[in-house]
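Number of protein chains: 2
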Amino acid sequence: MAPRNFKLTIEYDGTDFHGWQVQPQARTVQGEIIKVAKELSRGEVRVVGAGRTDAGVHAVGQVASVTLETGLKDEVLLRAFNAKLPEDIHVRELKEVPLGFNARFDARSRTYHYLILRRKTALWRDRFYQVPFELDVHAMRKALWELVGEKDFSAFASSEEVSRNRRCYIMRADLIDTPPLLTFAITADHFLHKMVRTIAGTLVEIGRGRELDMAEVVASGDRTLAGPTLPPHALYLVRVDY
Amino acid sequence: MAPRNFKLTIEYDGTDFHGWQVQPQARTVQGEIIKVAKELSRGEVRVVGAGRTDAGVHAVGQVASVTLETGLKDEVLLRAFNAKLPEDIHVRELKEVPLGFNARFDARSRTYHYLILRRKTALWRDRFYQVPFELDVHAMRKALWELVGEKDFSAFASSEEVSRNRRCYIMRADLIDTPPLLTFAITADHFLHKMVRTIAGTLVEIGRGRELDMAEVVASGDRTLAGPTLPPHALYLVRVDY
């Protein structure tokens, strides 16, 4: 039987995963999907994700290319995946794509949202970052303009970032202001390790009134000039475009 | 020192509580608040809640009257409560009220929301009730009209309901339709045990196309004619009016 390739759009609750990428001895999203793909395939399987989300990071629209050997139709395969996957992973869409399609290398952009709640909350503390003080949204927006374009973002990369090329092309960076919620939305061709959370941390510092020139931070390439890396539980991979 | 009385507006994540009401050997919201009130008082304390939410039910606007002996100002007492309470309880407001104020007996109405998500979800499964099929919102709205007014709601009460008087005055019952979210909002002078969740279960049955005459179900007083009691994790006590 010949292998077939499928594009899956996936939602998951990152809380109980050690991130996307498969690891021995750890529960990961990719690991769970590989397990189910093996049950559904008569031969080898291959699972490639568009974004390697960290431990605790959620996804509404992660995309994976899944290669397996099956005779099932798209709708039946979708139901089979959802019946076998744990309840913290849900495949929203599945369709067959050419064998050459690779969810990671063919992706043109990834969009993340970082959700900030401008009040203390008991109920939503696992899903939002709580900021119990005023934020200067205008100053934060001005700082965001300095990010758009193709630049070296070393200043926001963690020391664990392995790629030598630190240039990313940020296509869009915006704040959606719906009190008490403030959504930081960012789209780029790719991101460095912990980059979105460190930009979010820098933005919150600026929103609190810290004098920080975003253009200078970027130009410096110096991680110590940027703000703190915010926690993962408020970060969502929302879409991947091809 | 003379006792003083305070009105607290409280948010909590019901997931890890055995409901509001204090019980020996079980973690309850009232129990946690009593514990902190005792730390903050030089004498006896008394904590009365407006709504005795079940295990797993959340609150955005529970109200409690808390009587204690303290010399602290409102703002200082509010900060002290929040500093000492666990992170799944948050006091949103606190103000001193006359000693005679009783959060339970003085309440004129309670408003609950039941949150229905009309799709499968991995990410929000702990906070919404998932309905992965079409719902006839028009038919559900028509059924809701039959509930408004003062009636005997025995048909929706659990067998554990202890009060002899099963009459409640429903002031408002509505559906707020913001796809994929559907919010069932209901306000009454008081509710019987599991009443909101059983009305929600009956509504979903009607939305799925079951031929069920809400007026007849109410008139029958027969619990077996109503729909199932939906799970607690999608129910929120949103406000209490005085």
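Top to bottom, those sequences are chains A and B. Quick note on my numbering: the first sequence kicks off at 157 and runs consecutively. Quick note on my numbering: the second sequence kicks off at 157 and runs consecutively. The C-beta atom is built at its ideal place from N, Cα and C for all residues, glycine as well. For clarity, every value in this text was computed on a predicted model and none was experimentally measured.
- Not one beta carbon of chain B lies nearer than 8 angstroms to the beta carbon of residue 380(A).
- In chain order, 278, 279 make up the part of chain B whose C-beta sits under 9 angstroms from the C-beta of residue 168(A).
- Assignment of residue 377(A) by DSSP, reduced to helix, strand and coil, places it in the coil class.
- When the Cα atoms are used, residue 351(B) and residue 282(B) turn out to be separated by approximately 21 angstroms.
- Under the Cβ distance rule, residue 372(B) does not count among the residues neighbouring chain A, no pair being separated by less than 8 angstroms.
- For the set 221(B), 206(B), 381(B), 272(B), the Cα lying nearest the Cα of residue 193(B) is the one of 221(B).
- Among the CB atoms of chain A, none fall inside 8 angstroms of the CB of residue 346(B).
- In the structure shown, the three-state DSSP call for residue 367(A) is coil.
- If you draw a straight line from the Cα of residue 217(A) to the Cα of residue 239(A), it comes to about 19 angstroms.
- A straight line joining the alpha-carbon of residue 250(A) with that of residue 167(A) spans about 12 angstroms.
- Annotation: the continuous beta strand (DSSP E) that includes residue 333(A) extends over 323 to 334.
- Collapsing the DSSP output to three states places residue 220(A) in a strand.
- Residue range 185 to 196 is occupied by the alpha helix (DSSP H) that includes residue 187(B), with no beta strand (DSSP E) assigned at that position.
- Proximity of chain B to residue 243(A) at the Cβ level (cut-off 8 angstroms) is accounted for by 278, 281, in chain order.
- When DSSP states are grouped into helix, strand and coil, residue 348(A) belongs to the coil group.
- Look at residue 246(B): its C-beta is under 8 angstroms from a C-beta on chain A.
- Residue nearest to residue 183(A) within the set 169(A), 196(A), 195(A) is 169(A) (criterion: CA-CA distance).
- Around the beta carbon of residue 332(B), fewer than 16 other beta carbons sit within 10 angstroms, so the residue counts as exposed.
- The alpha-carbon separation between residue 316(B) and residue 265(A) amounts to approximately 55 angstroms.
- The C-beta separation of residue 201(B) from residue 224(B) comes to about 5 angstroms, placing the pair in contact by the 8 angstroms criterion.
- The Cβ-Cβ distance between residue 230(B) and residue 398(B) does not fall below 8 angstroms.
- At the C-beta level, residue 207(B) and residue 396(B) come within 8 angstroms of one another.
- At the C-beta level, residue 382(A) and residue 312(A) come within 8 angstroms of one another.
- One thing to note: residue 329(A) has its Cβ within 8 angstroms of the Cβ of residue 304(A).
- When rounded, the separation of the alpha-carbon atoms in residue 161(A) and residue 259(A) is 11 angstroms.
- Under the 8 angstroms criterion on CB atoms, residue 216(A) is classed as interfacial with respect to chain B.
- In this structure, residue 323(A) lies near residue 308(A), with their beta-carbon atoms less than 8 angstroms apart.
- Residue burial is scored here from C-beta neighbours: residue 214(A) has at least 16 other C-beta atoms within 10 angstroms and is therefore classed as buried.
- In the structure shown, the three-state DSSP call for residue 238(B) is helix.
- The beta carbon of residue 343(B) sits closer than 6 angstroms to the beta carbons of 265, 267, 327, 328 from its chain, once the five residues preceding and following it are set aside; these are given in chain order.
- Ranked by how close their Cα comes to the Cα of residue 257(B), the residues 159(B), 243(B), 378(B) have 159(B) in first place.
- Of the residues assessed, residue 246(B) falls on the buried side of the cut-off, its CB having 16 or more other CB atoms within 10 angstroms.
- The DSSP-derived three-state label of residue 297(B) is helix.
- Boundaries of the beta strand (DSSP E) around residue 394(B): 391 to 397.
- In the assembly as shown, residue 243(A) is an exposed residue. Its beta-carbon has fewer than 16 other beta-carbons within 10 Å.
- Residue burial is scored here from C-beta neighbours: residue 366(A) has fewer than 16 other C-beta atoms within 10 angstroms and is therefore classed as exposed.
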